[in-house]
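Novice: Dropping the structure in here first, questions after.
2 protein chains.
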Amino acid sequence: MEKITIVGAGLAGSLLSVYMAKKGFAVDVYERRPDMRKAAISAGKSINLALSVRGIHALKEVGLYDEIKKISIPMYGRMIHSIDGVTQFQQYGKDNSEYINSVSRGDLNKKLMDLADEFRSVKFHFNKRCMGMNLDKNELYFHDELTQANIAVKSKVTVATDGATSPIRMEMLKIPRFDFSQEYENYGYKELHIPPNDDGSFKMETNALHIWPRGSFMLIALPNMDGSFTCTLFIAYDRSLGGNASFEYLDTREKVSDFFKENFPDALEIMPSLLEDFFGNPTGTLITVKSYPWCVDGKLAMLGDSCHAIVPFFGQGMNAAFEDCIYLNECITNSPGKWNDIFNNYQQMRKANTDAIADLAQENFVEMRDLVADPRFLLEKKIESELYKRFPDTFVPKYTMVTFMRIPYSTALNRGKIQASILHALSDCKSSIDEIDWTAAETLVKKELAPLNY
Amino acid sequence: MEKITIVGAGLAGSLLSVYMAKKGFAVDVYERRPDMRKAAISAGKSINLALSVRGIHALKEVGLYDEIKKISIPMYGRMIHSIDGVTQFQQYGKDNSEYINSVSRGDLNKKLMDLADEFRSVKFHFNKRCMGMNLDKNELYFHDELTQANIAVKSKVTVATDGATSPIRMEMLKIPRFDFSQEYENYGYKELHIPPNDDGSFKMETNALHIWPRGSFMLIALPNMDGSFTCTLFIAYDRSLGGNASFEYLDTREKVSDFFKENFPDALEIMPSLLEDFFGNPTGTLITVKSYPWCVDGKLAMLGDSCHAIVPFFGQGMNAAFEDCIYLNECITNSPGKWNDIFNNYQQMRKANTDAIADLAQENFVEMRDLVADPRFLLEKKIESELYKRFPDTFVPKYTMVTFMRIPYSTALNRGKIQASILHALSDCKSSIDEIDWTAAETLVKKELAPLNY
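Given below as structure tokens:
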């Protein structure tokens, strides 16, 4: 039985272990943390995940979706909270058959590990911190956090799924001609909490992603299975950028309390632990990682956040990593045993697309925090929706291409740009959708866009 | 006497040690390599340096220029070698008072070390490979390459001048919110050699930077003190990009010989050791590094290539690093003892400018290998020269702003872009400078550009 070593038992590593077991490999998964199913992992730094079509497809391919569906809550659209407490629902898809799914990172990871454990050929090794590698010797080095022993593990074929701060990638930096960038946003985030009602019911609409867009900052909330919401506040680090909406300014309980009273009064009412959460939870950073190549000979490949971490504003980080698994698996099918070809084909299929979703995710931060409350943006959304109805194979909204389809992200990015310029041209100097000249619109669409092939 | 530790005794570290000694600090300089003045350092991977106004000014500030001038050869312009052997001289400045200087990296480094050694407060520690740092403990870690001992050095104030592959920067990567990118060109380079005549004289024009521009690749040659030229061939790595002009293709003596016969026949005649050099010397990589922040509290700052390595095509890498020394020194003068302020002010003064020269250097590769042989480019150069004469305070050529002035690189980049668009507009559909409407040109220049303040 051919062996594969996976470094990192996060979402990508756990799912990949199932893919590899199904392909007939003996899989060893090394993970820095203790087994999160037994030990409580320090929380307070998670943004709930939005599982959508790409991730769902990756789960279905190995028969795991039915189990994951049980811990997912459908979100059919955005619920926009104005400062005066008025809410407005913006549907994500064409109808309720198109939705994204709120799922807890911890619950999903544990469930994936349980499902992987059902394969006798998958073995998890916890508390093993990766300290480096020597590809000439085919060796990986781990430090056992429990016994303090240092371990060398022989591995001919390794896949690194060790996340945005990947230790394996630190080793790749020493290899000539390795392109790499890591870019932090000037914004950080703080996890907050809305508990359920006493009867266990939700305090707000369950099946929506709640957004309090405030221009240069925002609060979001995603539903949990227990009736609570996990909220995330995104604000600037520095006062010079964010003014009072900054971690630098918000350094006392009074300031935080006043800030929420002023900006999120409806949320404040249902956040009894706001001040404890704000000062108890760590401040999360938002990073975009790009790198290339993702592999070294047929010996090592990176997958998921380790080679392409993105900001969370399109809800695609996990979905993109899960999609990596589909493509890597396909490359193994197409070139069995030829790991050099497998890894090369895999990285070539994925690189342009993960670059594209990185850019899309950064763009979407502006849309979420600002544009969703802008009249022209809302008019453009209406025009977009109408164009989608009139030209369902040609003018597919960017959000739909990214979230509800499996077309390459780079196609979504490119067509999204063209569509944005069309919407911008059509909405110019217009105040209502009734003023649109649909004959001119049709001419423009047909000139700029070919039907989408998929 | 306050202590400063410098990591890296390359060009930047050696010059900085003099600046710091003159400021009254006790300076310890740790260097991975042996003392290059005693041991032969493996060569064959150096592009000759082009010392220009910024670097010269930095040397003059600490009284070192007279000594360096002695090992420098003025280059007044580019000597363009056509494929048919015809040469054409393009002057760099307005007259022979504006020139750049060819200087050997090794000779310059040794001379700077000698000059630093004249200060009793400067101490070099050779064969000490930096293994990391612990800023909480104010400790740097070195491995002694001779004794194999591991050494911890206490240091309250450290400046890292440890080059493009900086080990200190690898440690910075572990610090939250450190932005970093390293980007390799798809081109590599090979050092080659043109020996002097038997009487020690030069085989080509001495006071020029020789270029054989061939569109997608090029050869350059810079004069040495001994009558020889150091040549550098820049070609693509991969055949898919460069065709026959690629390291991938050029894998036999015959292919290299044929390639030079076809593309550089005049150079080939005076390169007796071409094949030995081509296959004996390593292939150099071309990297652009950007990072930020450059400092941690008042404890550590990076300077030179360690935080902003650039490609060599504007001849500004060393000049930019030397300019860093001027600014850091000025910040020390302005906030004595306040290292947090010193390092913060220094990085804020420099970051936008080193980003700008990185971009300028990448742009200039296209100019050097391709445009210098293009008729429209040559017409634009003529118009530029005439506009410079007519508006000497306003329309200053980009090359002049970068090379012969000390205005901020970012100003040179921004004005260079505006000027390029003016030149492009004026040269449109023109075949000769006689067709230019200078009244219209004046209107355009005055509309787009304010006089340069410096």
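Taken in order, these protein sequences are the chains called E and F. Going by the working numbering, the first residue of the first sequence is number 4, and it counts up by one from there. Going by the working numbering, the first residue of the second sequence is number 4, and it counts up by one from there. Glycine residues also receive a C-beta, built at the ideal position from the N, C-alpha and C atoms. Computed from a predicted structure; not experimentally measured.
Run through chain F and tell me which residues come within less than 9 Å of Ser184 of chain E, C-beta to C-beta.
Specialist: Asp182, Phe183, Ser184, Gln185, Glu186, Lys293
Novice: Going along chain E in order, which residues have a C-beta closer than 9 Å to the C-beta of Leu236 of chain F?
Specialist: Listed along chain E, no residue sits closer than 9 Å to Leu236 of chain F by beta-carbon distance, the nearest being about 18 Å off.
Novice: Mind pulling the beta strand (DSSP E) runs of 3 or more residues that sit fully within the segment 95 to 158 of chain E?
Specialist: 103 to 106, 125 to 128, 131 to 137, 142 to 147, 153 to 157
Novice: Enumerate, from N- to C-terminal direction, the unbroken beta strand (DSSP E) stretches of 3 or more residues contained entirely within the segment 164 to 218 of chain E.
Specialist: Runs of the beta strand (DSSP E) lying entirely within the segment 164 to 218 of chain E and spanning at least 3 residues, in chain order: 182 to 197, 212 to 216.
Novice: Can you list the residues of chain E that Thr288 of chain F reaches, using a CB-CB cut of under 7 Å?
Specialist: Pro179, Arg180
Novice: Measuring only between beta-carbons, confirm whether Met173 of chain E sits less than 8 Å from chain F.
Specialist: yes
Novice: Rounding to the nearest angstrom, what Cα-Cα distance links Tyr369 of chain E and Glu188 of chain E in this structure?
Specialist: For the record, residue 369 of chain E in the displayed sequence is Val; it is not Tyr. Rounded to whole angstroms, Val369 of chain E and Glu188 of chain E show a C-alpha spacing of 12 Å.
Novice: Check each candidate in E:Tyr330, E:Pro315, E:Glu438, E:Arg372 and name the one with the smallest Cα separation from Met82 of chain E.
Specialist: Looking at the Cα atoms, E:Arg372 is the closest of the given residues.
Novice: Consider the Cβ of Leu176 of chain F: report whether some Cβ of chain E lies at a distance smaller than 8 Å.
Specialist: yes
Novice: Using the beta-carbon count (16 or more within 10 Å), is Gly311 of chain F buried or exposed?
Specialist: The question names Gly, but residue 311 of chain F in the sequence shown is His. It is buried - the Cβ of His311 of chain F has at least 16 other Cβ atoms within 10 Å.
Novice: Short of 6 Å in beta carbon distance, which residues of its chain neighbour Val160 of chain E, apart from the five on each side in sequence? Order them along the chain.
Specialist: Ile7, Trp342
Novice: By alpha-carbon positions, which one of F:Ala323, F:Ser55, F:Ser276 ends up nearest to His19 of chain F?
Specialist: First, the amino acid is wrong: residue 19 of chain F is Leu here, not His. The shortest C-alpha separation from Leu19 of chain F is found at F:Ala323.
Novice: Report the rounded CA-to-CA distance for Gly340 of chain F versus Lys26 of chain F, giving the unit in angstroms.
Specialist: 11 Å
Novice: To the nearest angstrom, how far is it from the Cα of Leu67 of chain F to the Cα of Val30 of chain F?
Specialist: 18 Å
Novice: I'd like to check one pair, Tyr95 of chain F with Ile86 of chain F: are the Cβ atoms closer than 8 Å?
Specialist: no
Novice: Assign Asn332 of chain F to buried or exposed, taking buried as 16 or more other Cβ atoms, counted over all protein chains shown, within 10 Å of its Cβ.
Specialist: buried
Novice: Give a yes or no on whether the C-beta atoms belonging to Val21 of chain E and Val65 of chain E are separated by under 8 Å.
Specialist: yes
Novice: When the Cα atoms are used, what is the spatial distance from Ser124 of chain E to Val32 of chain E?
Specialist: 11 Å
Novice: Take Lys113 of chain F as the anchor and find which of F:Ala15, F:Asn247, F:Cys334, F:Phe282 has the nearest alpha-carbon.
Specialist: F:Ala15
Novice: Going by DSSP in three states, Ile335 of chain E sits in which element: helix, strand or coil?
Specialist: helix
Novice: Can you name the start and end residues of the alpha helix (DSSP H) that Cys310 of chain F belongs to?
Specialist: 308 to 311
Novice: Can you tell me which of the three DSSP states Asp431 of chain F falls into?
Specialist: DSSP places Asp431 of chain F outside both helix and strand once states are collapsed to three, so it counts as coil.
Novice: Should Leu429 of chain E and Ile439 of chain E be called a contact, given that it needs their Cβ atoms to be closer than 8 Å?
Specialist: With respect to Ile439 of chain E, Leu429 of chain E sits close: the two C-beta atoms are nearer than 8 Å.
Novice: Please classify Ile421 of chain F as buried or exposed, where buried requires at least 16 other C-beta atoms within 10 Å of its C-beta.
Specialist: exposed
Novice: Quick one, which of E:Leu390, E:Val375, E:Gly218, E:Asp300 has its alpha-carbon nearest Gln350 of chain E's?
Specialist: E:Asp300
Novice: Using the beta-carbon count (16 or more within 10 Å), is Tyr457 of chain E buried or exposed?
Specialist: exposed
Novice: According to DSSP, simplified to helix, strand and coil, what is Pro77 of chain F?
Specialist: strand
Novice: Should Arg172 of chain F be labelled buried (16 or more other beta-carbon atoms within 10 Å of its own) or exposed?
Specialist: buried
Novice: Nearest by alpha-carbon distance to Gly191 of chain E: which of E:Phe183, E:Phe205, E:Thr288, E:Arg256 is it?
Specialist: E:Thr288
Novice: Does the contact criterion of 3 or more C-beta pairs under 8 Å hold for the segment 166 to 186 of chain F versus the segment 233 to 242 of chain F?
Specialist: The segment 166 to 186 of chain F is not in contact with the segment 233 to 242 of chain F.
Novice: DSSP state of Lys6 of chain E, grouped into three classes?
Specialist: strand
Novice: According to DSSP, what are the bridge partners of Cys328 of chain F?
Specialist: In the DSSP output, where bridge partners are listed per residue, Cys328 of chain F has none listed.
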